[in-house]
Amino acid sequence: MENWMAEYIKNIKSPLYAVIMDVLAKVNPNRVMEVYKNMGKIELNEDNRIFLMDMLKKFEIDKKLKQEGKEEGREEGREEKAELLAKQLRKKFNGLPKIYDDKIKTLSNDKIEAIATDIFDMEKIEDLEKYF
């Protein structure tokens with residue numbers, strides 16, 4: 001266990017220490033959480049114990065929010081790829097029937113990329129059928 005970090009945590013007595021811990025968490029929150037979890041052997045006063053539990057909850061919430069943000073970003077990226085592919089298909093085939101436009105919006109990243117790669121080999125709009 002990193003003793004210097006444990007010592008900071010053990011001696012939290014003022015908001016300044018809370019700020020220091022928050023900064024440490026931003027540097028490497030997983031490492032700080034690991035130290036927190038390993039501190040069960042160290043005697044803490046009730047205020048520090050409550051603070052540590054609050055920090056652990058905050059870290060878990062932050063981690064969950066970051067994960068949700070990543071997932072939203074991936075979905076937005078997939079939607080943007082689908083829209084770009086639809087634009088390319090409209091240009092290549094002088095239009096894109098709504099049924100294909102709707103289907104493209106529901107495709108996975110892999111299928112969108114496959115169509116984008118194969119677009120130059122397509123001779124007619126119906127060639128899209130094999131991707132759905």
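Quick note: the sequence shown uses the UniProt record's numbering, first residue 1, plus one each step.
Just so it is clear, CB atoms sit at the ideal spot from N, CA and C, and this is done for glycine as well.
Within 8 Å, strictly: CB atoms of residue i and residue j
i	j	result
I104	L85	yes
R78	N109	yes
I119	P97	no
Between the CA atoms of residue j and residue i - distance to the nearest angstrom
i	j	result
A116	L107	12 Å
G69	M53	24 Å
G95	E75	25 Å
R90	F132	18 Å
L65	E34	19 Å
K81	K63	27 Å
K111	E71	18 Å
K58	G73	22 Å
N48	N38	15 Å
F51	Q67	24 Å
Run of the alpha helix (DSSP H) containing residue i, from where it starts to where it stops
i	result
G95	Segment: none, G95 is in no alpha helix (DSSP H) and carries neither H nor E.
D127	Unbroken run through D127: none, as it is neither H nor E.
L109	For the sequence presented, residue 109 should be read as Asn rather than Leu. N109 -> alpha helix (DSSP H) spans 109-118.
Candidates the options: closest to residue i by CA position
i	options	result
F93	M122, K57, E46, R78	M122
E113	Q88, L52, P97	Q88
D102	L65, E83, K57, I119	E83
residue 160	R31, K111, E72	Nothing in the structure corresponds to residue 160, since the chain is present only between 1 and 132.
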